[in-house]
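A.B. asks:
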Amino acid sequence: MKIGIVNDVQLAVEALRRALATRADFEVAWVARDGAEALDYCIAERPDVVLMDLVMPNVDGVEATRRIMARAPCAILVVTIDVGANAWRVYEAMGAGALDAVDTPALAGADARRGIAALIAKIDQIGARLVSTCAPPPASAVPRVTSNTALVAIGASAGGPAALATLLGALPADFAPATVIVQHVDRAFAEGMAQWLDAQSKLPVRVAREGDSPRPGEVLLAATNDHLHFSDSRRLGYTRHPADMPYRPSVDVFFQSVAERWTGRAVGVLLTGMGRDGAIGLKAMRAKGYHTIAQDEATCAVYGMPKAAAALNAAVAILPLPRIADALIAALRPVR
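Once you know that position 15 of the sequence shown is 15 in the UniProt record's numbering, the rest is easy, because the numbers rise by one and skip nothing.
(1) Using three-state DSSP, classify Lys-202 as helix, strand or coil.
(2) At the level of alpha carbons, what is the spacing between Ala-85 and Arg-187?
(3) By the 10 Å Cβ neighbour count, where 16 or more other Cβ atoms means buried, how is Trp-262 classified, buried or exposed?
(4) Count the CB pairs spanning the region 151-166 and the region 296-304 that are closer than 8 Å, and state whether there are at least three.
(5) Helix, strand or coil for Ile-126 per DSSP?
(6) Could you pull the start and end residues of the alpha helix (DSSP H) that Val-90 belongs to?
(7) Give the DSSP-derived three-state secondary structure of Leu-168 in the structure shown.
(8) Could you tell me the alpha carbon to alpha carbon distance between Ala-150 and Pro-334, rounded to whole angstroms?
(9) Take Gly-159 and list the residues in its own chain whose beta-carbon comes closer than 6 Å to its own, dropping the five residues that flank it on each side.
(10) Kindly indicate the opening and closing residues of the alpha helix (DSSP H) around Ala-70.
(11) In whole angstroms, give me the CA-to-CA distance for Ile-329 and Pro-306.
(12) What is the DSSP secondary structure of Trp-262, reduced to helix, strand or coil?
(13) Just the Cα atoms here: how many angstroms apart are Ala-15 and Val-152?
(14) By the three-class DSSP mapping on this structure, what secondary structure does Ile-120 have?
(15) Where does Val-9 fall in DSSP's three states?
(16) Going by DSSP in three states, Phe-175 sits in which element: helix, strand or coil?
(17) Restricting to Cα atoms, I'd like to know which of Cys-74, Leu-130, Asn-225, Arg-114 is closest to Ala-44.
(18) Considering only residues of the same chain and omitting the five flanking positions on each side of Leu-20, which have a CB-CB separation below 7 Å?
(19) DSSP state of Gly-278, grouped into three classes?
(20) Once the 5 residues before and after Asp-34 are set aside, which same chain residues still bring their CB inside 7 Å of it?
(21) Please state the DSSP three-state secondary structure of Leu-20.
(22) Start and end of the beta strand (DSSP E) containing Glu-27?
(23) Contact between the region 227-247 and the region 193-205: three or more CB pairs below 8 Å?
(24) Hey, how far is the Cα of Arg-67 from the Cα of Gly-95?
(25) With Leu-221 and Ala-194 assumed to form a contact (beta carbons below 8 Å), what rounded beta-carbon distance in angstroms separates them?
(26) Closest by CA to Met-285, which one among Val-269, Asp-111, Gly-275?
(27) What first and last residue would you give for the beta strand (DSSP E) that runs through Met-52?
(28) Just the C-alpha distance for Ala-38 and Phe-230, rounded to the nearest angstrom, thanks.
(29) Do you know offhand how far Phe-175's Cα is from Val-79's?
(30) Of the residues Met-274, Thr-65, Trp-30, which one's Cα is nearest the Cα of Gln-125?
(31) Since Leu-54 and Gly-61 are thought to touch, with beta carbons under 8 Å apart, how far apart are those beta carbons, to the nearest angstrom?
(32) Would a C-beta distance cut-off of 9 Å place Arg-129 and Leu-99 closer than the cut-off?
(33) Kindly identify the DSSP beta-bridge partner or partners of Tyr-238.
(34) Please state whether the Cβ-Cβ distance between Ala-309 and Ala-331 is less than 9 Å.
(35) Considering only C-alpha positions, which residue in the set Leu-197, Ala-325, Ile-120, Lys-122 is nearest to Val-267?
Here it is in structure tokens:
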């Protein structure tokens, strides 16, 4: 795997080189000192993964991520000193297309070993996403059951935070359906992301807890590295299975559970993201008779997951991001 490093601090670069040297299948393709250099390198020699610092001179990590995803898209892992202290910048970078974030490992000692293990695990998770073509089988088509209860099921990955902020921000305060979101994000960031989205939305946003029942007018966000799913027709839960899914939490697993267990009205929405997670689950929702929406290519930070859904004819409608909120309002008007 070819890896690009973007960091202007020599000690951090050395720590990353040492960490990557522990794996024979990792190769440092290049080192950039700021975001502008990183873009040039990505255009000339696109790596499999970019390790992106956030705080740099000239062009910082957030802006570099935006430019790279626009001109030379590739997998970006934010690697920075003290991710927790830079949480808001991390969410901005993920909104621009970064896949995940991890602390820069220390140079030596027990902290270095733990940091290296965490970094390698993140890179391996991204590598699994890049090569994965597996997904759960589609649910068999069954008649749609309608009631006055309505659910919006949303899946997103790279570029998702910004897309979610735009979508939720466009929904009115009296939007009645319950909304449940699966965004590819490490559990360490889920609570902070829920708070960030809450600040962008007229609707309350919080993390989903084991046993929660989606409530009208409330937005729930998957909160662990296990898969969020409906354990019965009304209650949410978390499960480790299937264990071999490269995406954790998986949009496919959640959408599949909606198709199999939810008994009210629902709309499935698949937003920007790398890979194909959610495409088959969205197809399962459509097979049940639910309305399904995929974000269009022009407004995606990464046109991967919605593209896979379009290829499967899983989406009833393919819409630009600014039109999705109105489509949800129209599709889920109260039944009289």
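Glycine is no exception: its CB is placed at the ideal position from the N, C-alpha and C atoms.
C.D. replies: Taking the definition as stated:
(1) Start at 1 with the first residue of the sequence shown, and residue 202 comes out as number 202. Reduced to three states, the DSSP call for Lys-202 is coil.
(2) Counting from 1 along the sequence shown, the entry for residue 85 is found at position 85. Counting from 1 along the sequence shown, the entry for residue 187 is found at position 187. Rounded to the nearest whole angstrom, the C-alpha separation of Ala-85 and Arg-187 is 16 Å.
(3) Locating residue 262 in the sequence shown gives position 262, counting from the first residue. Classification of Trp-262: buried, given that the 10 Å Cβ count is 16 or more.
(4) Contact between the region 151-166 and the region 296-304 is present: 3 or more CB-CB pairs across the two stretches fall below 8 Å.
(5) Numbered from its first residue, the sequence shown carries residue 126 at position 126. Here Ile-126 sits in helix by DSSP.
(6) Here residue 90 is taken as the residue at index 90 of the sequence shown, counted from 1. 87-96 is the span of the alpha helix (DSSP H), which, as asked, contains Val-90.
(7) Locating residue 168 in the sequence shown gives position 168, where the first residue counts as 1. DSSP, reduced to helix, strand and coil, places Leu-168 within a helical segment of the structure shown.
(8) Within the sequence shown, numbered from 1, the residue matching residue 150 stands at position 150. Within the sequence shown, numbered from 1, the residue matching residue 334 stands at position 334. Near 8 Å, if we compare the C-alpha coordinates of Pro-334 and Ala-150.
(9) Position 159 of the sequence shown, counted from the start, is the residue given in the question as residue 159. Cβ neighbours of Gly-159 beyond the five flanking positions: Gly-97, Thr-272, Ala-301, Val-302.
(10) For the purposes of this step, residue 70 is identified with residue 70 of the sequence shown, where counting begins at 1. Ala-70 -> alpha helix (DSSP H) spans 61-71.
(11) Here residue 329 corresponds to residue number 329 of the sequence shown, with the count starting at 1. Here residue 306 corresponds to residue number 306 of the sequence shown, with the count starting at 1. Looking at the two C-alpha atoms, the distance is approximately 21 Å.
(12) Start at 1 with the first residue of the sequence shown, and residue 262 comes out as number 262. Trp-262 falls in the coil class under three-state DSSP.
(13) Working through the sequence shown from its first residue, we reach residue 15 at position 15. Working through the sequence shown from its first residue, we reach residue 152 at position 152. Whole-angstrom Cα-Cα distance: 44 Å.
(14) Within the sequence shown, residue 120 is the residue found at index 120, counting from 1. Assigned with DSSP and collapsed to three states, Ile-120 falls in helix.
(15) Numbered from 1 along the sequence shown, position 9 holds the residue referred to as residue 9. Three-state DSSP puts Val-9 in coil, outside helix and strand.
(16) Translated into the one-based positions of the sequence shown, residue 175 becomes position 175. Coil, per DSSP.
(17) Here residue 44 refers to the residue found at position 44 of the sequence shown. Its Cα nearest to that of Ala-44, the residue Cys-74 stands out among Cys-74, Leu-130, Asn-225, Arg-114.
(18) As a position in the sequence shown, residue 20 is number 20, starting the count at 1. Take Leu-20, set aside five residues on each side of it, and the residues of its chain with a beta-carbon closer than 7 Å to its own are Ile-3, Phe-26, Val-28, in chain order.
(19) Taking the sequence shown and counting its residues from 1, the one referred to as residue 278 is at position 278. Residue state for Gly-278 is assigned as coil, using DSSP reduced to three classes.
(20) Position 34 of the sequence shown holds residue 34. So the qualifying residues of the chain are Asp-8, Met-56, Pro-57, Asn-58, Val-59.
(21) By one-based count along the sequence shown, residue 20 stands at place 20. Looking at Leu-20 - three-state DSSP - the assignment turns out to be helix.
(22) Position 27 of the sequence shown, counting from 1, holds the residue named residue 27. 27-32 is the span of the beta strand (DSSP E), which, as asked, contains Glu-27.
(23) Contact fails: fewer than three Cβ-Cβ distances are below 8 Å.
(24) Stepping through the sequence shown from its first residue, residue 67 is reached at position 67. Stepping through the sequence shown from its first residue, residue 95 is reached at position 95. A direct Cα-to-Cα measurement between Arg-67 and Gly-95 gives close to 13 Å.
(25) Here residue 221 refers to the residue found at position 221 when the sequence shown is read from its first residue. Here residue 194 refers to the residue found at position 194 when the sequence shown is read from its first residue. At roughly 5 Å, the Cβ-Cβ gap stays under 8 Å, so Leu-221 and Ala-194 are in contact.
(26) Counting from 1 along the sequence shown, the entry for residue 285 is found at position 285. Met-285 has its Cα closest to that of Val-269, out of Val-269, Asp-111, Gly-275.
(27) Counted from its first residue, the sequence shown places residue 52 at position 52. Residues 49-52.
(28) Position 38 of the sequence shown, counted from the start, is the residue given in the question as residue 38. Position 230 of the sequence shown, counted from the start, is the residue given in the question as residue 230. Approximately 42 Å between the Cα atoms of the pair.
(29) Numbered from 1 along the sequence shown, position 175 holds the residue referred to as residue 175. Numbered from 1 along the sequence shown, position 79 holds the residue referred to as residue 79. Cα to Cα, the separation comes out at about 38 Å.
(30) On the sequence shown, position 125 is the one that residue 125 refers to. Of all alpha-carbon atoms in Met-274, Thr-65, Trp-30, the one lying nearest the alpha-carbon of Gln-125 is that of Met-274.
(31) Within the sequence shown, the letter at position 54 stands for residue 54. Within the sequence shown, the letter at position 61 stands for residue 61. Taking C-beta atoms under 8 Å as the contact rule, Leu-54 and Gly-61 qualify, at a distance of about 4 Å.
(32) If you number the sequence shown from 1, residue 129 lands on position 129. If you number the sequence shown from 1, residue 99 lands on position 99. In contact: Arg-129 and Leu-99 (Cβ atoms closer than 9 Å).
(33) Along the sequence shown, read from residue 1 onward, the residue named residue 238 stands at position 238. DSSP output for Tyr-238 lists Leu-228 as bridge partner(s).
(34) Locating residue 309 in the sequence shown gives position 309, where the first residue counts as 1. Locating residue 331 in the sequence shown gives position 331, where the first residue counts as 1. If you check the CB distance, Ala-309 and Ala-331 do not come in under 9 Å.
(35) On the sequence shown, residue 267 is found 267 positions in, with the first residue counted as 1. Nearest C-alpha to Val-267: Ala-325.
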